[in-house]
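In UniProt numbering, the protein residues as written are 1 to 354. Down below is the structure, laid out as structure tokens.
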């Protein structure tokens with residue numbers, strides 16, 4: 001066996017430090033574009049800094065959330081479309097902050113891959129930066145891990161971490177929810193980032209390819225339609241909170257759908273009675289239910305079915321709050337009311353149009 005003239009290198013082991021450095025240079029302008037009061041630093045340090053006083057807070061309580069995008073990521077990988085999945089990553093975190101009345105302040109991401117592609121990585125971070133701008137938070141750092149042997153082929157994984165703040169005493173849900181309060185629903189942009197293991201199972205059973213026309217939207221490919229980013233509700237909801245002081249509770253409709261998420265913001269004294277006839281499910285949900293043979297109750301505990309955020313308000317302020325949300329770009333529907341506690345936290349009336 002011939003003797004090696006030089007020792008092994010990290011690159012020969014599958015980790016390319018130069019590629020990592022190139023990616024950092026590519027994303028610096030993207031990160032810089034997310035600056036906001038309180039966060040003005042450059043990436044590249046050992047930690048990101050945030051100044052709460054510069055952000056305008058006097059007696060803040062910090063709220064933190066972390067999440068991923070589940071197997072929606074597999075569609076992005078298989079379709080070779082990486083520029084929007086980062087928006088989903090931000091959305092899943094910041095929507096969980098705003099339901100507690102918190103303003104998202106900063107975000108950090110984690111990207112893990114078997115072999116780093118700087119162009120692909122920059123596209124992913126570009127989506128993250130866009131999501132941060134939509135949410136009004138700063139991308140102050142992150143981690144890119146190249147781990148050959150852990151991930152195979154083109155696979156990669158994402159995780160996100162967000163921190164927000166609210167002034168002490170202004171956190172949600174409030175303690176003044178009463179019988180008769182109105183439940184408003186804010187329209188989703190599509191499937192968002194939950195239920196994709198079932199989505200992919202249905203697509204595979206039908207033998208469809210990601211480049212095929214979407215059966216429920218002929219103007220897009222199936223991948224484009226299913227990769228529609230999760231809606232970020234932060235700015236409209238914060239505007240409604242601050243202008244009306246009338247929002248009592250918010251629920252982000254993610255995994256578990258209506259029956260799992262709405263009770264999380266209600267005390268044991270109350271249930272949410274939903275008028276399913278008022279909910280107009282977008283065509284993608286009708287297609288999934290019909291072609292997958294998925295029953296309505298299973299749809300509503302797996303998907304958002306067209307309602308991505310639920311808002312609980314006093315009946316006398318419902319019209320005012322709906323108007324503010326609509327003025328900020330949301331599609332708002334009155335979908336129910338608060339009732340005394342029954343056997344379950346969510347009670348259905350009527351039937352959802354699937």
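Every residue gets a Cβ at the ideal spot worked out from N, C-alpha and C, and that includes glycine.
- According to the DSSP assignment, residue 20 belongs to the alpha helix (DSSP H) that extends over 17-32.
- The alpha helix (DSSP H) runs lying completely inside the stretch 67-138 and spanning 4 residues or more are 72-79, 85-98, 118-135, given in chain order.
- Residue pairing for residue 312: DSSP places it in a beta bridge opposite 183, 249.
- The alpha-carbon separation between residue 188 and residue 11 amounts to approximately 44 angstroms.
- Minimum Cα-Cα distance from residue 154 among the listed residues 125, 135, 73 corresponds to 73.
- In this model, residue 252 and residue 46 are separated by some 33 angstroms (Cα to Cα).
- In the structure shown, the three-state DSSP call for residue 286 is helix.
- In this chain, residue 232 is not harboured by any beta strand (DSSP E), its DSSP state being neither H nor E.
- In this structure, the straight-line span from the alpha carbon of residue 149 to that of residue 55 is close to 43 angstroms.
- The residues 257, 258, in chain order, have a CB closer than 6 angstroms to that of residue 300 in the same chain once the five nearest residues on each side in sequence are set aside.
- When the beta-carbon positions are compared, residue 16 and residue 158 stay at least 8 angstroms from each other.
- Here the stretch 307-314 lies against the stretch 233-251, with 3 or more beta-carbon pairs under 8 angstroms apart.
- Nearest to residue 94 by C-alpha distance, out of 174, 59, 250, 214, is 250.
- Between the alpha carbons of residue 114 and residue 126 lies a gap of roughly 20 angstroms.
- Ranked by Cα distance from residue 234, the first of 100, 343, 145 is 100.
- The beta carbon of residue 140 sits closer than 6 angstroms to the beta carbons of 39, 48, 106 from its chain, once the five residues preceding and following it are set aside; these are given in chain order.
- Runs of the alpha helix (DSSP H) spanning 4 or more residues and lying entirely within the stretch 290-353 occur at 296-302, 318-327, in chain order.
- Here the alpha carbon of residue 262 sits roughly 49 angstroms from the alpha carbon of residue 13.
- Under the DSSP assignment, residue 260 falls in the alpha helix (DSSP H) whose first and last residues are 257-261.
- If the five residues before and after residue 98 are omitted, its C-beta is found closer than 6 angstroms to the C-beta atoms of 234, 237, all from its own chain and listed in chain order.
- Per DSSP, the unbroken beta strand (DSSP E) holding residue 158 starts and ends at 156-167.
- Apart from the 5 residues on each side of it in sequence, residue 165 sits with its Cβ closer than 7 angstroms to the Cβ of 52, 57, 60, 61, 62, 63, 102, 103, 105 in its chain, given in chain order.
- For residue 204, the enclosing alpha helix (DSSP H) has its first and last residue at 196-206.
- For residue 292, the closest of 213, 206, 264 by C-alpha to C-alpha distance is 206.
- Assigned with DSSP and collapsed to three states, residue 12 falls in coil, not helix or strand.
- DSSP places residue 36 in the strand class (E or B) of the three-state scheme.
- Residue 271 counts as buried, since no fewer than 16 other beta carbons sit within 10 angstroms of its beta carbon.
- In this structure, the straight-line span from the alpha carbon of residue 108 to that of residue 193 is close to 19 angstroms.
- Residue 218 and residue 285 have their alpha carbons spaced roughly 15 angstroms apart.
- Listed in chain order, the non-local C-beta contacts of residue 200 below 8 angstroms within the same chain comprise 71, 74, 75, local neighbours out to five positions each way being set aside.
- The three-state reading of DSSP puts residue 244 in helix, counting H, G and I together.
- Under the 8 angstroms Cβ criterion, the stretch 342-352 does not count as touching the stretch 316-332, having fewer than three qualifying pairs.
- At the C-beta level, residue 112 and residue 147 come within 8 angstroms of one another.
- For residue 270, the uninterrupted beta strand (DSSP E) segment begins and ends at 270-275.
- Taking the CA atoms as reference points, residue 133 sits about 11 angstroms from residue 32.
- Check the Cα spacing between residue 198 and each of 223, 294, 121, 180: the tightest is with 294.
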